[in-house]
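Asks:
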Amino acid sequence: MKIRLLLYFFLCFIFCFLNFLEDLQEASLPLALTEVILIFPMSFGFTLGVFFIYRRIVKIPFYLSKNELNRKLFLYSIGIVIVLLLSLILRFISLQLFNDDKNSQFFDTLFFAFFGIVGVFVFFVFSIEAYLASEQQKNELRIKLYEVELDSLNDKYISLKNQLNPHFIFNCFSNIVSLIDKDSEKAIRFVEELSSVFRYNLTTSEELLVKLSDELKLLESYIKLQKIRHEGSLHFDIKIDASKLPFLIPPLTLEVLVENSLKHTIFDKSNPLYISIYSIGDLLVIENNYSPKAIMETESLGIGLKSIEKQFRLLGKKLPTFKIENNLFKVELSLIDPSDA
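Just so we're aligned: 50 in full-length UniProt numbering is position 50 of the sequence shown, and the numbers increase by one with no gaps anywhere.
(1) Does the Cβ of TYR76 lie closer than 6 Å to at least one heavy atom of the ligand HEM?
(2) Note down the Cα distance separating PHE15 from LEU95, rounded to an integer number of angstroms.
(3) Check LYS2 in the structure and name its three-state DSSP category.
(4) Kindly indicate which residue of PHE40, ALA32, ASP108 and LYS244 has the alpha-carbon position closest to the one of PHE13.
(5) Which residues in the same chain have their Cβ closer than 8 Å to the Cβ of GLU299, if we skip the five residues on either side of it in sequence?
(6) Classify ALA187: buried if its beta carbon has 16 or more other beta carbons within 10 angstroms, exposed otherwise.
(7) How about GLU193 and LEU225: are their beta carbons less than 7 Å apart?
(8) Alpha carbon to alpha carbon, how far is ASN288 from LEU328?
(9) Could you check what DSSP says for LYS217 in three-state terms: helix, strand or coil?
(10) Beta-carbon within less than 7 Å of SER196's beta-carbon, same chain only, minus the 5 sequence neighbours each way: which residues are those?
(11) Does ASP181 come out as helix, strand or coil in the three-state DSSP assignment?
(12) Is the number of C-beta pairs between the segment 31-39 and the segment 104-118 that are closer than 8 Å three or more?
(13) Tell me the DSSP secondary structure of PRO30 in three-state form.
(14) Use the C-beta contact count for residue 342: other C-beta atoms within 10 angstroms, 16 or more gives buried, fewer gives exposed.
(15) State yes or no: is the C-beta of PHE267 within less than 7 Å of the C-beta of SER233?
(16) With distances taken from CA atoms, which of LEU69, PHE322, LYS263 and VAL122 is nearest PHE44?
(17) Check this for me: beta carbons of LEU212 and PHE173, under 7 Å apart or not?
(18) If you pair each beta-carbon of the segment 316-326 with each one of the segment 262-281, do three or more pairs fall below 8 Å?
(19) What does DSSP give as the partner residue(s) for VAL331 in the beta ladder?
(20) My parser needs the alpha helix (DSSP H) runs of 4 or more residues fully inside the segment 40-101; what are they?
(21) Near PHE62, which residues of its chain fall below 8 Å by C-beta distance, leaving aside the five closest residues on each side in sequence?
(22) In whole angstroms, what separates the C-alpha of ASN260 from that of ILE3?
(23) By the three-class DSSP mapping on this structure, what secondary structure does LEU248 have?
(24) Give the straight-line distance between the Cα atoms of GLU22 and GLY119, rounded to the nearest whole angstrom.
(25) Using the Cα positions of LYS72 and ALA133, report the straight-line distance between them to the nearest angstrom.
(26) Put ASP108 into one of helix, strand or coil per three-state DSSP.
(27) Less than 7 Å between the C-beta atoms of LEU335 and LEU284, yes or no?
This is how it looks when you write it as structure tokens:
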């Protein structure tokens, strides 16, 4: 309401100022100022009157029940009626107060002058209000569409996480089964460490993003799991800038990337798998020696990597890169600043 009042105050001021400049060319400064002092409050008061009439009209149930086209027709039909009534009232007042000639015609030049002036004010205010109302509706529609789109993206993101988590868990259980056949004691230790991983998975199930520091804690448990299974065949080197620990990434990202390296690489005690995780600026790099299994499609990103890529896309962040460089399979992820999340 205050913004509207300021808008009409400013517009009336401009109107009166332009009128003042015009009068100044034909009359003296005192006379021009006197006219401004008379015209400004009258024009502003008349504009406010029309504004409040408009506000009353748009709250009428009949108006609200119509579609957009019929609303405009109804609004401007009422506007014409208002213009006619106000012109008649002003003409009647002028005859009673300022005209001693009883033979003057009611519908003379002065009446049509009133009609034109009142019409300009009424349709000026109505047009501004209709435009502002239309813009407000568009903005509200944009907000609703944005909220719907955001909900849709969130649903897609959660769906991806729901796809990723069973994929991760299935591989863990596959590891347990293979260990039971080979070494039951290792299988028991594996299950104990796996409980820490599942506990973290449950606590972050509804999170879109988690701190890198939390992911690294989980990674420690996951590394212990894999070292139990692949004793002497795995080497990890983790060097993360401490300032990047509060930055964010999607949950289970590091575990899925490490799992991808284990799944697609040939390694044993004589030919260990070396996995390095380090930060460069706002990038997180995960790389391992490239020795792909013959039965795997080395061109394929796999379910886990594709899911990570889709999560970054849905979050509107820079997509991760996957490349083979200097006989290393390298993944580069953009760390997400908490202030941008």
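Built from N, CA and C at the ideal position, the CB exists for glycine as well.
Replies: The short version:
(1) The ligand HEM is not part of the structure shown, which contains no ligands of any sort.
(2) 27 Å
(3) When secondary structure is reduced to three states using DSSP, LYS2 falls in the helix class.
(4) PHE40
(5) With a pLDDT of only 42 at GLU299, under the threshold of 50, the placement of this residue in the model should not be trusted; the figure read from the coordinates follows. Excluding positions up to five away in sequence, the list is empty.
(6) Buried: at least 16 other Cβ atoms inside 10 Å.
(7) yes
(8) 6 Å
(9) helix
(10) SER221
(11) helix
(12) no
(13) helix
(14) Within the shown structure, residues of the chain are numbered from 1 to 341, placing residue 342 beyond reach of any answer.
(15) yes
(16) The option with the nearest alpha carbon to PHE44 is VAL122.
(17) no
(18) no
(19) Note: VAL331 sits in a beta bridge opposite ILE286 and PHE322.
(20) 61-64 and 68-98
(21) PHE74
(22) 58 Å
(23) strand
(24) Computed Cα separation, rounded: 22 Å.
(25) If I take the Cα positions, the gap works out to 12 Å.
(26) ASP108 falls in the coil class under three-state DSSP.
(27) yes
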